[in-house]
Each structure stands twice: as structure tokens, then as C-alpha cells.
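Colleague: Count along the sequence shown starting at 1, add 78, and that's the number in the working numbering.
Each residue gets a CB set at the ideal place from its N, CA and C atoms; glycine is no exception.
Keep in mind that this is a model prediction, so the values were computed, not measured.
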Amino acid sequence: MPENVIEIEHLVVRYRGKTALDGLDLRIPSGAVYAFLGDNGAGKTTTMKILTGLAPPDSGRATILGLDCWARATELRHRVGYMPERPRFYDWMSVGDIGWFTASFHKPGFLTRYREWTERLGLDPTKRLKDLSKGGYARVGLALALAPDPEVLLLDEPTSGLDLLTRREFLAGLADLAASGRTVFITSHSIAELERACTHVGLLREGKMILSTTLEEVRKQVRRVSLRFTSAPPDPTGLGTILERNGTGRFWQVLVQDPDPAAIAALRERADLSDVEDVAVSLEEVYAGLMAKSVAPAESSGGPPMVWRGPNPAR
Ligand SMILES: Nc1ncnc2c1ncn2[C@@H]1O[C@H](COP(=O)(O)OP(=O)(O)OP(=O)(O)O)[C@@H](O)[C@H]1O
């Protein structure tokens with residue numbers, strides 16, 4: 079198996095002149111649960127379409143398990159499970175019928191696994207698809223994606239429409255799938271929930287990756303530095319790239335990308351500063367900070383303006 083299960087190189091996709099993917103590069107190692115995050119219209123579903131072989135790119139290349147997603151789409155269909163954002167099935171069929179029908183396109187074992195998954199997901203096999211709730215419908219989509227026992231699982235907003243407990247159970251189950259050697263690529267707007275389940279994170283903005291690394295590395299790359307000052311707030315220049323600054327009274331804090339440990343250590347030495355802390359932040363905060371920065375690049379004079387809640391500390 080290639081080192082990277084999913085590889086995307088300089089991918090470009092245009093819709094009638096509008097660029098949806100703008101030279102996308104992405105590498106996902108085996109066993110990763112990769113959270114693919116981005117605002118509405120960033121290009122997540124377009125990336126899914128390319129990976130599932132539903133459309134060819136205008137240029138660039140996408141491979142899964144070393145096979146070209148467009149040229150080898152039929153072969154990949156047996157090795158890759160896919161759950162679309164809005165699954166659409168033959169609604170007159172029952173939960174059991176759709177498994178039996180889909181099994182005819184797959185290798186032996188599909189139907190047994192489909193039945194196991196529908197049972198685990200609490201689905202009644204006799205119920206018609208048109209009578210299912212949104213969550214029930216999503217669960218059928220999930221059971222169909224898992225039934226081929228895929229090496230790779232592509233999930234487009236799989237938890238939308240599921241209730242809280244089912245979402246949590248589902249996301250916890252992803253870790254088990256990854257532990258058994260499968261690779262999961264998942265898009266979702268529920269960043270906080272994904273943070274508990276993912277091993278890797280990719281942030282997409284306007285068809286380009288602005289970050290793609292392990293969750294562990296994200297926690298090192300973006301930190302919140304906070305402190306109290308007695309005279310004037312410190313100048314953050316040299317701490318790293320400042321994504322966000324704010325404070326209340328004599329409390330000061332910044333969100334920093336690629337922090338310089340020496341500059342943070344120097345703050346701890348200063349007599350006019352106290353309670354200097356340097357902590358990891360939630361994935362949601364990282365997301366908001368990086369997305370805001372990529373909309374309006376930080377000024378060279380030390381980044382975004384300081385937002386103060388409370389009295390002016392300089393007085
Ligand atoms: N069939 C299409 N024709 C024209 N433009 C399209 C088409 N599909 C997508 N786009 C445009 O391409 C861009 C990327 O869309 P895409 O659906 O991939 O984004 P997304 O990240 O999945 O968004 P969302 O989170 O809202 O689902 C958007 O600007 C969208 O309007």
C-alpha cells in the first residue's frame with residue numbers, strides 16, 4: 079500500500095469559469111481520520127466528487143490507494159466507501175431491499191455486513207425509505223458506505239440530521255475503523271465534535287489548503303498566550319503571527335500561529351508582567367483565527383487591532 083492512501087496534486091476544478099478548486103494539494107496517510115474543514119463554498123463537496131470519481135478534474139491528479147480516482151473509478155468503488163451529503167435512494171424500497179439491491183453491484187459479504195450495520199444503527203429492515211426520518215435516512219447511507227468493508231471511507235457531512243447520541247457514537251466508531259487500518263476522510267461543520275474523533279486536520283479556503291497536518295501539530299502551531307501587565311500591554315511583535323488580540327482591563331491575550339518559544343520565555347522574565355500562560359486552544363478557535371487571517375491578512379505592525387473589553391488599560 080502506498081504511504082499516503084489519498085494523494086491530491088495541484089487539483090483544479092472550474093464550473094463555467096468559476097474556480098472551485100485552485101491547485102489543491104493534499105496527502106493523507108493510512109489510518110488517519112482526516113477532518114476536512116472549510117466554510118460554505120470552500121470546495122469540500124467538489125473535492126469529494128473528484129475522489130469518488132464522479133467527475134474528472136480540469137487539471138491535476140487525485141489518487142486513492144495509488145489508483146487514479148477518475149481513470150480507475152470502477153475498481154475503487156469496491157475499495158472505497160462513500161456517504162454523500164444528501165443521499166438519495168429509491169424511496170419506494172425498504173431498508174432491507176436497498177441493501178439487497180446494492181449488494182448486486184458488490185462483492186460477496188456486502189449483504190451480511192449491511193444487515194449487521196443496519197441492526198447496529200437501529201434501523202428496521204421492513205421500513206420504507208420514504209417513511210424514515212432525516213437521521214434514519216442518513217443511517218441507511220452510512221450502512222451502505224460501510225457494507226463493502228472499505229479500506230477508505232469518504233464521508234460528506236455524515237452526522238447532519240443525526241441526534242446527539244447517535245452522532246457521538248458514530249464519531250467514536252471512526253476511531254475503531256482507523257485502528258483497524260482504514261483511512262477516513264470526513265467533512266463536517268461540527269468542528270468541536272470532529273476534534274474528538276480526528277487525527278489530522280485540513281483547512282480549505284476558496285479551493286486551497288491553508289493548513290493540513292496532524293491534530294497534535296495544530297495544537298503546537300496555534301497557541302493562546304495570556305498575561306497580566308502593570309504598566310502598558312506588551313508589544314506582540316516577534317511572538318509569531320498574531321491571529322487575534324484582545325484583553326480586559328490589565329489582562330492581555332493573543333492567538334499566535336507558529337509561536338517563538340524564546341519570545342514567550344522572554345515575557346516570563348519581565349517584572350512588569352505576571353501570570354504568563356501559553357496554552358493550546360480548541361480546533362474551533364484555530365479555525366476561526368486562521369480563516370479570519372486568510373480573509374484579511376495581518377498587518378506587518380503586529381497583526382489585527384487589539385479588542386479591549388473594559389477600561390482603557392493605558393490610563
Ligand atoms: N454544479 C456547479 N455549478 C456551478 N458552480 C458550482 C457547482 N458546484 C459547486 N459550485 C461552486 O463551487 C464552489 C465550491 O462548492 P462546493 O459545493 O464544493 O463547496 P463546499 O465546501 O462543499 O460548500 P458547503 O459547505 O456549502 O457544502 C462554490 O462557489 C459553489 O458555488
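DSSP three-state call for Leu145: helix, strand or coil?
Modeller: Leu145: strand per DSSP, three-state reduction.
Colleague: Is any heavy atom in ligand 1 found nearer than 7 Å to the beta carbon of Thr180?
Modeller: No - ligand 1 has no heavy atom lying nearer than 7 Å to the Cβ of Thr180.
Colleague: Quick one: Cα of Arg387 to Cα of Pro311, how far?
Modeller: In this prediction, Arg387 scores a pLDDT of 45, lower than 50, which makes its location untrustworthy; no coordinate-derived value is stated.
Colleague: Going by CA-CA distance only, name the one from Glu85, Phe188 and Asp353 that's closest to Gln331.
Modeller: Ranking the options by Cα distance to Gln331, first place goes to Asp353.
Colleague: Within its chain, find whatever has a CB closer than 6 Å to the CB of Thr124; leave out the 5 residues flanking it on each side and keep chain order.
Modeller: Excluding sequence neighbours, Thr124 sits near Val91, Ala98 and Leu99.
Colleague: Just how far apart, CA to CA, sit Ala358 and Gly327?
Modeller: The alpha-carbon atoms of Ala358 and Gly327 are separated by roughly 23 Å.
Colleague: Taking the beta carbon of His88 as the centre, do at least 16 other beta carbons fall within 10 Å, making it buried, or is it exposed?
Modeller: So His88 counts as exposed.
Colleague: Is there at least one non-hydrogen atom of ligand 1 closer than 7 Å to the beta-carbon of Thr291?
Modeller: Checking every heavy atom of ligand 1 against the Cβ of Thr291, none is found closer than 7 Å.
Colleague: Could you check what DSSP says for Lys208 in three-state terms: helix, strand or coil?
Modeller: It is helical.
Colleague: Alpha carbon to alpha carbon, how far is Arg348 from Tyr93? Give it in angstroms, no decimals.
Modeller: Looking at the two C-alpha atoms, the distance is approximately 55 Å.
Colleague: Between the beta-carbon of Leu242 and the beta-carbon of Phe248, is there less than 8 Å?
Modeller: No.
Colleague: At what residues does the alpha helix (DSSP H) containing Tyr192 begin and finish?
Modeller: Per DSSP, Tyr192 belongs to the alpha helix (DSSP H) from Phe188 to Arg198.
Colleague: Rounded C-beta distance between Val218 and Phe167? I'm assuming under 8 Å.
Modeller: With a Cβ gap of about 7 Å, Val218 and Phe167 count as contacting.
Colleague: Which residues mark the beginning and the end of the beta strand (DSSP E) in which Thr261 is found?
Modeller: From DSSP, the beta strand (DSSP E) with Thr261 extends over Thr261 to Thr265.
Colleague: For Asp336 and Arg260, I'd like the C-alpha separation in whole angstroms.
Modeller: Rounded to whole angstroms, Asp336 to Arg260 spans 31 Å at the Cα level.
Colleague: Only counting runs of 4 or more residues, tell me where the alpha helix (DSSP H) segments fall wholly within the stretch 286 to 346, in order along the chain.
Modeller: Counting whole runs of 4 or more residues, the stretch 286 to 346 contains the alpha helix (DSSP H) stretches 293 to 299.
Colleague: Give me the DSSP bridge partner(s) of Glu87.
Modeller: Glu87 pairs with Arg139.
Colleague: Let me make sure I understand the geometry here. Which of Leu231, Leu232, Gly116 and Val83 has the alpha-carbon closest to that of Met369?
Modeller: Nearest option by C-alpha distance: Gly116.
Colleague: Judging by CA-CA distance, which residue of Arg139, Leu293, Gly174 and Gly251 is the nearest neighbour of Val279?
Modeller: Among Arg139, Leu293, Gly174 and Gly251, the Cα nearest to that of Val279 belongs to Leu293.
Colleague: Give me the Cβ distance between Leu189 and Gly200, rounded to the nearest whole Å; I'm assuming they're in contact under 8 Å.
Modeller: Their Cβ separation, rounded to whole angstroms, is 19 Å, which puts Leu189 and Gly200 out of contact at 8 Å.
Colleague: Can you tell me whether Lys298 sits near ligand 1, meaning its C-beta is under 7 Å from at least one heavy atom of the ligand?
Modeller: For ligand 1, not one heavy atom lies less than 7 Å from the Cβ of Lys298.
Colleague: I need the DSSP call for Arg166, collapsed to helix, strand or coil.
Modeller: Coil, per DSSP.
Colleague: By Cβ distance below 8 Å, which residues in the same chain neighbour Leu207 in space, the five residues on each side in sequence not counted?
Modeller: Phe167, Tyr168, Asp169, Trp170, Met171, Ser172, Val173, Ile176, Tyr215 and Val218, listed in sequence order.
Colleague: Output the distance between the C-alpha atoms of Pro33 and Glu322, rounded to the nearest integer angstrom.
Modeller: Lying before the first or after the last residue shown, residue 33 is absent from the chain, which here runs from 79 to 393.
Colleague: Measure the Cβ-Cβ separation of Pro228 and Arg157 and say whether it is below 8 Å.
Modeller: Yes.
Colleague: Let me check one thing: in DSSP terms, what residues is Glu229 bridge-paired to?
Modeller: Answer by DSSP bridge pairing: none, since Glu229 is not bridged.
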